[in-house]
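Data block below; observations after.
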Amino acid sequence: MSKKAHLLIRKGRVIDPNNGRDEVLDLLVENGRLTRMAASLDAPGAQIINAEGLLVLPGLVDSCVHLSEPGAGRSGSITSETRAAASAGITHLCSQPDTYPVVDSTAVVRLIRERAGQAGFAKILPLAAMTQGLEGRQLAEMVTLKEAGCIGVSNGSKPVQDTLVLKRCFEYAATFGIPVMLRPQDEALSVGGCAHDGAVASRLGLIGIPAVAETIALSRALLLCEATSARLHIQQVSCAASVALIRDAKLRGLAVSADVCIHHLLLDESALENYRSDCHIQPPLRSQHDREALLAAAADGTIDAVCSQHIALGTSSKQAPFPASKAGISGVETLLPLMLDLVEQKAFTLMRAIELITSGPAHCLGRQVGHLEIGRPASLCLVDPRVQRTPAQQWLSAGKNSPWLHTRLYGMVNLTVCEGKISWDRELHNNAPEPAQ
Amino acid sequence: MIPSPPSANIQLTADGRLKHFLSIEGLPRSLLEEILDGAASFVGVGDRAIKKVPLLRGKTVVNLFFEASTRTRSTFELAAKRLSADVLNIDIAKSATSKGETLMDMLWNLEAMASDMFIVRHSDSGAPFFIADHVTPNVAVINAGDGRHAHPTQAMLDMYTIRHYKGGFAGLKVAIVGDVLHSRVARSQIHALNILGAEEVRVIGPKTLLPKDIESLGVTVYTDLAQGLRDVDVVIALRLQKERMDSALLPSESEFFRLYGLNNERLKTAKADAIVMHPGPINRGVEIASEVADGPRSVILHQVTFGIAVRMAVMSMCISGQESGA
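Heads up: the sequence lines are chains G and X, in that order.
The first sequence begins at 1 in our numbering and counts up one residue at a time.
The second sequence begins at 1001 in our numbering and counts up one residue at a time.
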């Protein structure tokens, strides 16, 4: 990574949802910190970047990324995937504990942080395993893992079946102020499933995962949250009924937040026609009605954040009959373009769309990032909203598993600054040879 | 956005001829009738002294069975041989993919043997689509049963049987009874009956054995057998596998038989000339009583005979579709 940036970013349209700012401004980054924002600035010695016609956004925060390292049988490395994230304006990403070995020891946390630090493309905010080995039986060393740098605990995509264990996880985490992240899915109701239990799965003969598999687990988590006063973040809700439960919990004053995966805002079960394995994800794509409810919830604040749920998979993982293919989409590089697409479709205002991928997830994760605040290390990105291209034209993730590779989208990122250092410079990238991985 | 064309397109040539046979869904009525008419012309071949026609001479047909099967595989083998093809049986349950070879690697190997047709049975729904999507052009793929999705040749032989006994489909009420949830046969039958113009297709079973939103396939759902059988012309019993008792889908075989098993008494509400069918192998005393299976309404054994003719028709149509190169 380059040295601390000294930049004068001129005449960009600055959007900072954290304080509702949307105006054309000059931004000065000195010694890596954002020092001034004003209509017109001068800074002798600073690298001047003309941002006319560009959006200047806080560095994007992705609240759910599955790492390719260590282990886990996925494609690429921390280097390749954080670089892909940086190229799409992401500066902070929350990693899931489902690596191999899982994130239940400080050694694994250290390895992840070191690799990310050496690569220098994005800041990884790791989640620790909630239970040892994600097995749902014994608590992981949450406090030790927090001290090692984890920002919360989660059991990833493995449900904790035993309600007593889950209650104790919540109690223990609440004791030490550790946020609990949970992807609600009842194991018995989802075993063997690979699609939403609805008309499309019935017709294609795919084993369904009903929406109640999610709402039963979600209801249980919300009730335990209420009983234990844990700070709870719900990961990747997928159905209308979940939205209603979260809305109700928030009305009752529970300390709960929620995110949704971007693909659930754009696709529904019909995307599985012809057994398209690149649309095989978990939780499954649900009905059009569910998709509409998720969009409305993300617009009205019931859902706080939109994530990529990035999983980089090798070609052979998807080269199989649908039920045998691995679930997941390589998503960091399309998070912003797809959000801009939803703005185009009038699902969100531009301000709300940016909020859902900056300060929204930052609040869910309890981190002071995702905004443009004077005096803090600068994390921001410069986006050209006018250029339309296909993601395939510049794809950096080692996983080519995306249904959007050949869809024309807006939202090319010219420059990303991550905590004071330039982590992505498109011109430099275009003129430079491939770095060694 | 992602285009979602109907699942049928991959199996047709540009001019609408069959080049793979993967699913009945989305096929035009004329094509299904062409299969039935073709089968009619092959029915007599089995009665000749020399049971062969040269339509597939010089062609290599590979039976690619990833799931155990005796009857279906034998009828495909016999159908291919009666069309004068060379037949290679590969029992994959015991070989290749269990040694870690991927499905793709295996396909490339088989293609290298210059095969002209793959007959595929696989436990994963959609597997024949995947294979058809990845084989080199000019290799036809025929679905011999995939997961819970489709078993189109079985459904077509059932349609042949119905047409044989009922003369056609107009005005017919057909009831499909039992484990619809796990049945690829039922799904294919439902599509075929609707395309061929049956008046009403009913499914009858307890909610644990009915797929979610099955009405969207164009059926009326009944949970009561007596009501469901009222005035029907055709009754199709589905096989109930013993494993279903282990997964809390049903309390016992005897309770299932008491509520949904076909016997003469219960069939009284059906039309007097109603026929009873079953894709086999039958479980006597579970989904069907012996008095029905062996009784005058039963056409079960004829289904097997027609199966060879229907498969000959489908195979020759797919080969000629591939050769037309459109």
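Glycine included, each C-beta is placed from N, C-alpha and C at the ideal position.
None of these values were measured; they are calculated from a predicted model.
| said: Check whether chain X comes within 7 Å of residue 410(G), counting only Cβ atoms and requiring the distance to be less than that. | reply: As a working mapping, residue 410(G) is identified with position 410 in the first sequence. No, its Cβ sits nowhere closer than 7 Å to a Cβ of chain X.
| query | Using 7 Å as the limit for Cβ to Cβ distance, is residue 192(G) near chain X? | reply | The residue labelled residue 192(G) in the question sits at position 192 within the first sequence. No - not a single Cβ of chain X is within 7 Å of the one on residue 192(G).
| task | Would you tell me roughly how many angstroms separate the C-alpha atoms of residue 358(G) and residue 370(G), rounded to the nearest one? | result | Counted from its first residue, the first sequence places residue 358(G) at position 358. Counted from its first residue, the first sequence places residue 370(G) at position 370. If you take the alpha carbons of residue 358(G) and residue 370(G), they lie about 4 Å apart.
| Would you report the Cα separation of residue 1068(X) and residue 1306(X), rounded to the nearest angstrom? | As a position in the second sequence, residue 1068(X) is number 68, starting the count at 1. As a position in the second sequence, residue 1306(X) is number 306, starting the count at 1. Spanning the two alpha carbons is a distance of roughly 22 Å.
| Of all the alpha helix (DSSP H) runs that stay within the bounds of the segment 120 to 151 of chain G, which reach a length of 4 or more residues? | 142 to 147
| Helix, strand or coil: which one does DSSP assign to residue 94(G)? | Your numbering for residue 94(G) matches position 94 in the first sequence. Reduced to three states, the DSSP call for residue 94(G) is strand.
| From 378(G), 424(G), 353(G) and 275(G), residue whose alpha carbon lies closest to that of residue 1126(X) | Here residue 1126(X) refers to the residue found at position 126 of the second sequence. Cα-wise, what sits closest to residue 1126(X) is 275(G).
| query | Do you know whose CA, among 190(G), 326(G) and 258(G), lies nearest residue 221(G)'s CA? | reply | As a first step, residue 221(G) must be located in the first sequence, where it is residue number 221. Of the listed residues, the one whose Cα sits closest to residue 221(G) is 258(G).
| query | Name the DSSP beta bridge partners of residue 1222(X), please? | reply | What you label residue 1222(X) is simply residue 222 of the second sequence in a count that begins at 1. The partner list for residue 1222(X) (beta bridge, DSSP) reads 1204(X).
| message | On the criterion of 16 or more Cβ atoms from any shown chain inside 10 Å, does residue 300(G) qualify as buried, or is it exposed? | response | Here residue 300(G) corresponds to residue number 300 of the first sequence, with the count starting at 1. Exposed, because fewer than 16 other Cβ atoms sit within 10 Å of the Cβ of residue 300(G).
| Rounded straight-line distance, which links the Cα of residue 333(G) to that of residue 401(G) | Residue numbering aside, residue 401(G) sits at position 401 when the first sequence is read from its first letter. Residue numbering aside, residue 333(G) sits at position 333 when the first sequence is read from its first letter. In a straight line, the C-alpha of residue 401(G) is about 12 Å away from that of residue 333(G).
| Supposed contact pair residue 1275(X) and residue 1165(X) - C-beta distance, whole angstroms, cut 8 Å | Taking the first residue of the second sequence as position 1, residue 1165(X) is located at position 165. Taking the first residue of the second sequence as position 1, residue 1275(X) is located at position 275. About 5 Å separates the two Cβ atoms, so the contact holds.
| said: Determine, for residue 1126(X), whether the minimum Cβ-Cβ distance to residues of chain G falls below 7 Å. | reply: Position 126 of the second sequence holds residue 1126(X). True, the Cβ-Cβ gap to chain G drops below 7 Å.
| query | If you drop the 5 nearest sequence neighbours on each side, which residues of the same chain put their C-beta closer than 6 Å to that of residue 228(G)? | reply | Taking the first sequence and counting its residues from 1, the one referred to as residue 228(G) is at position 228. Close CB contacts of residue 228(G) within its chain, under the 6 Å cut and outside five residues either way in sequence, are with 170, 171 and 174 (chain order).
| Along chain G, in chain order, which residues have C-beta atoms closer than 9 Å to that of residue 1129(X)? | Your numbering for residue 1129(X) matches position 129 in the second sequence. Those within 9 Å of residue 1129(X) in chain G are 274, 275, 321 and 322.
| query | Listed in chain order, which residues of the segment 1205 to 1218 of chain X have Cβ atoms closer than 8 Å to some Cβ of chain G? | reply | 1211, 1212, 1213, 1214, 1216 and 1217
| query | Does the segment 257 to 272 of chain G come within contact of the segment 327 to 343 of chain G, defined as at least 3 CB pairs closer than 8 Å? | reply | yes
| query | In chain order, what residues of the same chain have a beta carbon less than 6 Å from the beta carbon of residue 1145(X), not counting five sequence neighbours either side? | reply | Taking the second sequence and counting its residues from 1, the one referred to as residue 1145(X) is at position 145. Short of 6 Å from the beta carbon of residue 1145(X), and not among the five residues preceding or following it, lie these beta carbons of its own chain, in chain order: 1121, 1151 and 1184.
| message | Please identify, using Cβ separations under 8 Å, the residues of the segment 188 to 216 of chain G that lie next to chain X, in order along the chain. | response | 197, 198, 199, 201, 202, 203, 204, 205, 206, 207, 208 and 210
| As assigned by DSSP and simplified to three states, the class of residue 1116(X) | Stepping through the second sequence from its first residue, residue 1116(X) is reached at position 116. Note: residue 1116(X) maps to coil in three-state DSSP.
| request: Tell me, to the nearest whole angstrom, how far the beta carbon of residue 372(G) is from that of residue 305(G); I am working on the premise that it is less than 8 Å. | output: As a first step, residue 372(G) must be located in the first sequence, where it is residue number 372. As a first step, residue 305(G) must be located in the first sequence, where it is residue number 305. Between residue 305(G) and residue 372(G) the Cβ distance is about 18 Å, and since that is not below 8 Å, they are no contact.
| said: So for residue 386(G), helix, strand or coil by DSSP? | reply: Position 386 of the first sequence holds residue 386(G). In the structure shown, residue 386(G) sits in a strand (DSSP, three-state: E or B).
| message | With a threshold of 7 Å between beta-carbons, can residue 242(G) be considered close to chain X, or not? | response | As a first step, residue 242(G) is located in the first sequence; it is residue number 242 there, counting from the start. With 7 Å as the cut-off, residue 242(G) does not count as an interface residue toward chain X.
| message | Just to confirm my understanding: we take residue 163(G), look at its own chain, exclude 5 residues before and 5 after, and list those with CB closer than 7 Å. What are they? | response | Indexing the first sequence from 1 puts residue 163(G) at position 163. So the list reads 220, once near-sequence residues are dropped.
| query | Does any CB atom of chain B fall closer than 7 Å to the CB of residue 316(G)? | reply | The chain inventory of the structure shown lacks chain B, comprising the protein chains G and X.
| Rounded to a whole number of angstroms, what is the C-alpha to C-alpha distance between residue 1172(X) and residue 1201(X)? | Locating residue 1172(X) in the second sequence gives position 172, counting from the first residue. Locating residue 1201(X) in the second sequence gives position 201, counting from the first residue. Going by the C-alpha atoms only, they are around 8 Å apart.
| task | Quick one: grab the DSSP three-state call for residue 424(G). | result | Translated into positions along the first sequence, residue 424(G) becomes position 424. The answer is strand: DSSP assigns residue 424(G) an E or B state.
| query | Of all the CB atoms in chain G, is at least one closer than 7 Å to the CB of residue 1220(X)? | reply | Taking the first residue of the second sequence as position 1, residue 1220(X) is located at position 220. Cβ-Cβ to chain G under 7 Å: no for residue 1220(X).
| Anyone know if the C-beta pair for residue 438(G) and residue 1216(X) falls short of 7 Å? | As shown, chain G starts at 1 and ends at 437. That puts residue 438(G) outside it, with no answer to give.
| message | So with CB distances below 9 Å, who are the chain G contacts of residue 1103(X)? | response | Counted from its first residue, the second sequence places residue 1103(X) at position 103. What residue 1103(X) touches in chain G: 319, 320, 321 and 324.
| query | To which residues does DSSP link residue 18(G) through a beta bridge? | reply | In the first sequence, the residue the question calls residue 18(G) occupies position 18. Answer by DSSP bridge pairing: none, since residue 18(G) is not bridged.
| Helix, strand or coil for residue 1122(X) per DSSP? | Position 122 of the second sequence holds residue 1122(X). In the structure shown, residue 1122(X) sits in a strand (DSSP, three-state: E or B).
| field | Chain-ordered chain G contacts of residue 1122(X) [CB-CB under 7 Å] | value | Mapped onto the second sequence, residue 1122(X) falls at position 122. Neighbours of residue 1122(X) on chain G, chain order: 321.
| request: Look up residue 1017(X) in the DSSP assignment and say whether it is helix, strand or coil. | output: Start at 1 with the first residue of the second sequence, and residue 1017(X) comes out as number 17. DSSP places residue 1017(X) in coil when its eight states are reduced to three.
| said: Cutting at 8 Å between CB atoms, please list the residues of its own chain near residue 1135(X), excluding the five before and the five after it. | reply: Taking the first residue of the second sequence as position 1, residue 1135(X) is located at position 135. Taken in chain order, the residues that qualify are 1107, 1111, 1118 and 1141.
| Between residue 57(G) and residue 381(G), which are expected to be in contact by the criterion C-beta below 8 Å, what is the C-beta distance as a whole number of angstroms? | Looking up residue 57(G) in the first sequence gives position 57. Looking up residue 381(G) in the first sequence gives position 381. Contact holds; Cβ gap of about 5 Å.
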